[in-house]
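Have a look at the structure below, then the notes.
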Amino acid sequence: MDLALFDLDKTLICEDSTGLWLRWLVSQGFAPAALIEQERALMVQYHQGSLSIEEYMNMTLSPIAGMGTLTVSGWVRRFIQRDVMPRVYPCARKRMNWHLERGDRVMVVSATGEHLVTPIAQQLGAHGALAIDVEIVDDRYSGQTYGTMTHPHGKVRQLKEWLLLQESAGFAQTWAYSDSMNDLPLLEHADHAWVINPAEPLHQLAQQRGWEVCQWLK
Numbered sequence: 000m001d002l003a004l005f006d007l008d009k010t011l012i013c014e015d016s017t018g019l020w021l022r023w024l025v026s027q028g029f030a031p032a033a034l035i036e037q038e039r040a041l042m043v044q045y046h047q048g049s050l051s052i053e054e055y056m057n058m059t060l061s062p063i064a065g066m067g068t069l070t071v072s073g074w075v076r077r078f079i080q081r082d083v084m085p086r087v088y089p090c091a092r093k094r095m096n097w098h099l100e101r102g103d104r105v106m107v108v109s110a111t112g113e114h115l116v117t118p119i120a121q122q123l124g125a126h127g128a129l130a131i132d133v134e135i136v137d138d139r140y141s142g143q144t145y146g147t148m149t150h151p152h153g154k155v156r157q158l159k160e161w162l163l164l165q166e167s168a169g170f171a172q173t174w175a176y177s178d179s180m181n182d183l184p185l186l187e188h189a190d191h192a193w194v195i196n197p198a199e200p201l202h203q204l205a206q207q208r209g210w211e212v213c214q215w216l217k
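Under numbering that gives the first Met the number 0, the residue at position 77 of the sequence shown is numbered 76, and the numbers go up by one with no gaps.
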């Protein structure tokens, strides 16, 4: 059995899940419209490689701080059905199914909060997710995070922590799929690296290293 690791944003789906989530919250009246511009400004820093993931998570978690987990999970279910599932790349779904049919363990690995990533992974048929841990106190979201941040070297660190708990699962090989240069540590960690719709710097690097380069269209 192999282990297949899929990045979420721009790899499994054609947009950024957190940006979609914030727009959904605004559309439902659960968050102020100004939050969308704040998120876009921070995403510019992300693409420049200068993003503070702590600042980003504090901002994006602010609408659910103090909210009950059952309420938020209901919101998330509605959000996934309306805004996430229609944006899944057909080729991504086909590739996930290929791994599932082989009997591989399929995980979604994302630098997004687990409150979004885990239910999205479930809807996609993955076995689980590795994401940023979001703190819950007395069945309410505190608006804070904890543990290893899955960005960017943190993905490999959290993966290794997770693997230590999989005592009965000896994975023969690891596959990794991502669109982002930020996931270079994860791609380098894998036995089989697949680069999805890459920007030019990652495209060139993938060609130099003999990695698979794919163009997945919606």
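Note that beta-carbon positions come from the ideal geometry of N, C-alpha and C, so glycine has one too.
From a predicted model like this one, the values you see are computed outputs, not experimental measurements.
Query                                                                                                                                                        : Result
Do Ser72 and Leu7 have their beta-carbon atoms positioned less than 8 Å apart in this structure?                                                             : no
Where does Gln121 fall in DSSP's three states?                                                                                                               : helix
What's the C-alpha gap between Val25 and Trp215?                                                                                                             : 29 Å
Which residues mark the beginning and the end of the alpha helix (DSSP H) in which Cys213 is found?                                                          : That residue, Cys213, is in no alpha helix (DSSP H); its beta strand (DSSP E) goes Glu211 to Cys213.
Which two residues bound the contiguous beta strand (DSSP E) that contains Arg139?                                                                           : Arg139 to Tyr145
So what's Ala175 in DSSP terms, helix, strand or just coil?                                                                                                  : strand
Which value, in whole angstroms, describes the spacing of the CA atoms of Thr111 and Val83?                                                                  : 14 Å
Suppose the cutoff is 8 Å on Cβ atoms and the five residues either side in sequence are ignored; what does the same chain contact list for Ala125 look like? : Phe5, Met95, Val105, Met106 and Val107
Could you give the distance in angstroms between the alpha-carbon of Pro197 and the alpha-carbon of Ala205?                                                  : 9 Å
Taking C-alpha atoms, which residue in Ile135, Leu129, Tyr140 and Glu38 lies nearest to Lys159?                                                              : Leu129
Please go through the stretch 26-95 and give each complete alpha helix (DSSP H) segment of 4 or more residues, from N-terminal end onward.                   : 33-47, 52-60 and 68-78
What residues in its chain sit with their C-beta under 6 Å from that of Thr17, if we drop five residues either side in the sequence?                         : Thr59 and Thr111
Taking the C-alpha atoms as reference points, what is the distance between Gly169 and Asp190?                                                                : 14 Å
Assign Val43 to buried or exposed, taking buried as 16 or more other Cβ atoms, counted over all protein chains shown, within 10 Å of its Cβ.                 : exposed
Could you check which residue in Pro184, Gln143 and Arg156 has the C-alpha nearest to that of Glu54?                                                         : Gln143
Out of Ile195, Ile131 and Val194, state which residue places its alpha-carbon closest to the alpha-carbon of Val116.                                         : Ile131
Grouping DSSP H, G and I as helix and E and B as strand, with all else coil, what is Asp132?                                                                 : strand
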